[in-house]
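Just below is one structure, and these are the notes that go with it.
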Amino acid sequence: MFRKIDYNSLSVQEATVLQKELKEEVIIAPYKGPIQYIAGTDISFDPFSTHVFAGIIILSFPDLQPVAYSLVKKEVHFPYVPGYLAFREVPALLDAWDQLKIIPDVTVVDGHGIAHPRRMGIAAHFGVQVDKPALGCAKKKLYGIYEEPTNEAGNYTILSDKQGAPIGSVLRTKTNVKPVFVSPGHRMDITDSRELIEKCITKYRLPEPTRLAHNIVNQFRVGTLQEGYSEM
DNA sequence: GCGACAG
DNA sequence: ATCTTGTCGC
Numbered sequence: 006m007f008r009k010i011d012y013n014s015l016s017v018q019e020a021t022v023l024q025k026e027l028k029e030e031v032i033i034a035p036y037k038g039p040i041q042y043i044a045g046t047d048i049s050f051d052p053f054s055t056h057v058f059a060g061i062i063i064l065s066f067p068d069l070q071p072v073a074y075s076l077v078k079k080e081v082h083f084p085y086v087p088g089y090l091a092f093r094e095v096p097a098l099l100d101a102w103d104q105l106k107i108i109p110d111v112t113v114v115d116g117h118g119i120a121h122p123r124r125m126g127i128a129a130h131f132g133v134q135v136d137k138p139a140l141g142c143a144k145k146k147l148y149g150i151y152e153e154p155t156n157e158a159g160n161y162t163i164l165s166d167k168q169g170a171p172i173g174s175v176l177r178t179k180t181n182v183k184p185v186f187v188s189p190g191h192r193m194d195i196t197d198s199r200e201l202i203e204k205c206i207t208k209y210r211l212p213e214p215t216r217l218a219h220n221i222v223n224q225f226r227v228g229t230l231q232e233g234y235s236e237m
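In this text, residue positions in the first sequence follow the working numbering: the first is 6, and each later residue adds one.
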């Protein structure tokens with residue numbers, strides 16, 4: 006196993022070294038076993054504030070009904086640098102994870118998994134830290150080459166790295182709506198991650214875990230929901 | 001040098 | 001990411 010990371014006062018250079026070390030812990034292989042609970046994570050913050058609001062919501066699967074959530078407010082100093090999102094958001098997500106009484110079988114993280122310059126996007130980083138299956142679902146591309154999938158819901162193309170190796174999928178979740186970028190983070194593969202996201206789409210562009218996580222985190226930020234763990 | 005650049 | 005009205009298109 007790797008050592009526990011001290012996320013305080015890390016430089017971008019040191020973060021790069023950590024990503025290369027953590028990369029060795031990532032497991033990309035077919036997912037095994039049933040799924041009873043699927044989680045969604047999200048972060049909300051004020052661009053001019055120094056803290057972030059993190060949340061994890063747990064949904065039953067495959068019916069996608071919310072059953073519990075965990076909310077945490079945390080001070081953050083690491084700056085937002087494309088490619089290093091995990092160092093800003095994972096610390097707070099790990100605190101939220103520690104409050105959970107129900108451990109999800111899979112977690113959908115807002116951002117990319119291995120579709121990253123060093124194959125260590127936030128979903129891979131988070132997945133390795135909790136050592137549970139995780140995948141990333143992002144609204145924009147960070148890294149990779151792809152062709153636009155056709156306009157019909159359900160169509161997708163493969164996102165590849167500069168050498169042509171597949172690193173994720175560009176999935177059209179709704180007809181005539183911008184696609185989302187899906188990639189495995191840990192303990193699952195490219196096909197698993199795409200198929201799982203497809204099963205989490207109802208009437209919106211974003212999968213329910215991500216959409217609902219975004220909702221509770223925003224309610225937390227404006228004061229409608231309180232910090233801590235709660236079942237629904 | 002120029003363009004790209006998760007949240 | 002967040003702050004916001006109207007507007008275009010299916």
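Beta carbons: idealized from backbone N, C-alpha and C, even for Gly.
With respect to the C-alpha of residue 40, the residue from 117, 138 and 229 having the closest C-alpha is 138.
By the CB criterion at 9 Å, residue 143 and residue 185 fall inside the cutoff. The segment 210-217 makes contact with the segment 106-115; the number of CB pairs closer than 8 Å reaches 3 or more.
For residue 53, the number of other beta carbons within 10 angstroms of its own is below 16, and it is reported as exposed. Look at the segment 166-236 and you find these whole runs of alpha helix (DSSP H), each 4 residues long or longer: 195-204 and 213-226. The segment 43-61 and the segment 90-109 touch, with no fewer than 3 CB-CB distances between them shorter than 8 Å. Under the criterion of beta carbons closer than 8 Å, residue 141 and residue 188 qualify as touching, at roughly 5 Å. Put simply, of 105, 229, 195 and 210 the residue whose alpha carbon is nearest the alpha carbon of residue 64 is 105. Less than 9 Å divides the Cβ of residue 237 from the Cβ of residue 74. Counting C-beta pairs closer than 8 Å gives fewer than three between the segment 147-162 and the segment 67-83, which falls short of the contact rule. Taking residue 160 as reference, the option from 202, 148 and 134 with the minimal CA-CA separation is 202. Here residue 76 is near residue 58, since their CB atoms are less than 9 Å apart. For residue 180, same chain residues with a beta-carbon under 8 Å away, outside a window of 5 residues either side, are 156, 157 and 158 in chain order. About 12 Å separates the beta carbon of residue 27 from that of residue 135, a gap too long to meet the 8 Å contact definition. In the structure shown, residue 81 falls within a coil segment according to DSSP collapsed to helix, strand and coil.
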